[in-house]
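First up is the structure itself, then whatever we jot down about it.
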Amino acid sequence: MPEGHTIHRAARDHQQDLRGNPLRLSSPQGRFEAEAVAGPDGEATLLRVEAWGKHLFYFFAPEQIVHVHLGLFGKFRRLRSPAPPPRSVTRMRLAGAHWTIDLVGPTACEVVTREQMAEILARLGPDPLREDADPTAFYHYVAQSRVAIGAILMDQRRISGVGNVYRAEVLHLEEIHPDTPGSEIAPQKLESLWQLIAALLRRGVEEKRIVTTRGLTIKKPRERVPRAESTHVYGRGVCRSCGGEVNRYMLRARAMYVCEQCQPRIITDEGRSN
DNA sequence: GCGGTATGCCTAA
DNA sequence: TAGGCCTACCGCG
Numbered sequence: 006m007p008e009g010h011t012i013h014r015a016a017r018d019h020q021q022d023l024r025g026n027p028l029r030l031s032s033p034q035g036r037f038e039a040e041a042v043a044g045p046d047g048e049a050t051l052l053r054v055e056a057w058g059k060h061l062f063y064f065f066a067p068e069q070i071v072h073v074h075l076g077l078f079g080k081f082r083r084l085r086s087p088a089p090p091p092r093s094v095t096r097m098r099l100a101g102a103h104w105t106i107d108l109v110g111p112t113a114c115e116v117v118t119r120e121q122m123a124e125i126l127a128r129l130g131p132d133p134l135r136e137d138a139d140p141t142a143f144y145h146y147v148a149q150s151r152v153a154i155g156a157i158l159m160d161q162r163r164i165s166g167v168g169n170v171y172r173a174e175v176l177h178l179e180e181i182h183p184d185t186p187g188s189e190i191a192p193q194k195l196e197s198l199w200q201l202i203a204a205l206l207r208r209g210v211e212e213k214r215i216v217t218t219r220g221l222t223i224k225k226p227r228e229r230v231p232r233a234e235s236t237h238v239y240g241r242g243v244c245r246s247c248g249g250e251v252n253r254y255m256l257r258a259r260a261m262y263v264c265e266q267c268q269p270r271i272i273t274d275e276g277r278s279n
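Our numbering puts the first residue of the first sequence at 6, with every later residue one more than the last.
Structural data, given as structure tokens:
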């Protein structure tokens with residue numbers, strides 16, 4: 006689940022569910038220092054939740070911040086309060102009057118200072134889902150970089166929030182081969198790539214899942230739709246657009262999916278020597 | 001029940 | 001580049 010859309014949706018939902026009223030913060034698994042935020046009674050008040058890329062920041066009164074990063078396995082569960090006892094693997098439980106949020110399997114769930122939060126943000130590139138996103142630095146970096154665009158999109162220092170599914174899908178939709186060096190991409194193409202990423206991430210926030218195809222509509226909210234039904238190339242054997250074979254290979258230790266028909270390589274003199 | 005895999009990312013070498 | 005972290009799910013038998 007966790008690319009940028011999941012994180013922003015969680016920020017929105019958790020803020021709506023929990024903000025303003027006292028809640029009980031706990032660490033059923035015992036690996037999160039809940040008492041550093043809540044005190045021994047476990048009570049705390051959530052002021053707001055902020056998302057940046059794949060990072061979440063929960064602000065508690067008066068000056069406490071909990072940083073959450075889901076990593077590959079992390080998941081939230083939303084339960085009606087009063088909720089049943091948490092499972093032993095629950096890293097953090099936020100129990101509000103109406104809703105209880107359980108967090109399982111995150112890479113990070115830790116109390117941070119404002120300075121530490123600033124350090125985390127300083128390592129992150131612009132996030133297309135944020136109102137204040139400024140893609141200028143991303144454009145500049147890509148325009149002068151020989152690094153493959155497929156690698157750049159996964160580098161959270163350059164652009165934050167894109168994960169392995171969106172990477173494959175946006176490059177396919179823009180008809181860019183993942184191995185294309187950044188500097189080979191025309192400025193206009195790059196802008197349209199950014200806009201597409203923003204639009205698809207926004208759609209992901211609304212639909213609570215990654216959907217990059219046009220026609221797909223979910224009939225029942227909980228209906229399980231196979232991954233390959235909602236993508237063009239990711240996780241597929243054949244390209245949804247042209248029916249050609251999808252090439253799967255590893256790029257920066259992650260599986261890349263590309264349709265060599267729809268996404269032709271750009272051959273340049275420099276490119277040939279690489 | 002077991003092994004492989006997954007939408008992430010850090011560190012050691 | 002490989003290994004480690006950490007959880008859930010799926011196909012296999």
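Don't be surprised by glycine CBs; every beta carbon is placed ideally from N, CA and C. Note that the structure is predicted; figures quoted are calculated from it, not measured.
Buried or exposed, going by whether 16 or more other CB atoms sit within 10 Å of the CB of residue i?
{"i": "aspartate 132", "result": "buried"}
{"i": "phenylalanine 64", "result": "buried"}
{"i": "alanine 19", "result": "First, the amino acid is wrong: residue 19 is histidine here, not alanine. Per the 10 Å Cβ criterion, buried."}
{"i": "arginine 36", "result": "exposed"}
{"i": "histidine 103", "result": "exposed"}
{"i": "glutamate 265", "result": "exposed"}
{"i": "arginine 241", "result": "buried"}
{"i": "tyrosine 254", "result": "exposed"}
{"i": "glutamate 120", "result": "exposed"}
{"i": "proline 33", "result": "buried"}
Identify which residue in the options has its Cα closest to the Cα of residue i.
{"i": "isoleucine 154", "options": "Gly101, Arg128, Ser165 and Thr185", "result": "Thr185"}
{"i": "methionine 97", "options": "Val117, Arg85, Pro87 and Val71", "result": "Val71"}
{"i": "glycine 110", "options": "Arg151, Glu174 and Gly76", "result": "Gly76"}
{"i": "alanine 156", "options": "Ala138, His182 and Asp137", "result": "His182"}
{"i": "glycine 47", "options": "Ala56, Ala66 and His60", "result": "Ala66"}
{"i": "glycine 168", "options": "Pro192, Thr218 and Leu256", "result": "Leu256"}
{"i": "threonine 11", "options": "Ala56, Arg232, Leu23 and Glu120", "result": "Ala56"}
{"i": "valine 116", "options": "Glu211, Glu68 and Ala138", "result": "Glu68"}
Considering only the beta carbon of each residue, do residue i and residue j sit closer than 8 Å?
{"i": "leucine 30", "j": "alanine 49", "result": "yes"}
{"i": "aspartate 107", "j": "phenylalanine 78", "result": "no"}
{"i": "arginine 135", "j": "leucine 158", "result": "no"}
{"i": "serine 235", "j": "isoleucine 215", "result": "yes"}
{"i": "isoleucine 164", "j": "glycine 209", "result": "no"}
{"i": "alanine 113", "j": "valine 73", "result": "yes"}
{"i": "leucine 206", "j": "glycine 25", "result": "no"}
{"i": "arginine 128", "j": "arginine 83", "result": "no"}
For residue i, which of helix, strand or coil comes out of DSSP?
{"i": "leucine 23", "result": "helix"}
{"i": "methionine 255", "result": "strand"}
{"i": "alanine 173", "result": "helix"}
{"i": "serine 246", "result": "coil"}
{"i": "glutamine 266", "result": "coil"}
{"i": "isoleucine 12", "result": "helix"}
Within 8 Å, do at least three Cβ pairs link the region 258 to 268 to the region 191 to 211?
no
Would you be able to state if there are at least three C-beta pairs under 8 Å between the region 134 to 151 and the region 86 to 106?
no
Count the CB pairs spanning the region 120 to 129 and the region 30 to 42 that are closer than 8 Å, and state whether there are at least three.
Contact fails: fewer than three Cβ-Cβ distances are below 8 Å.
Does the region 238 to 248 touch the region 170 to 189, meaning 3 or more C-beta pairs lie closer than 8 Å?
These segments touch.
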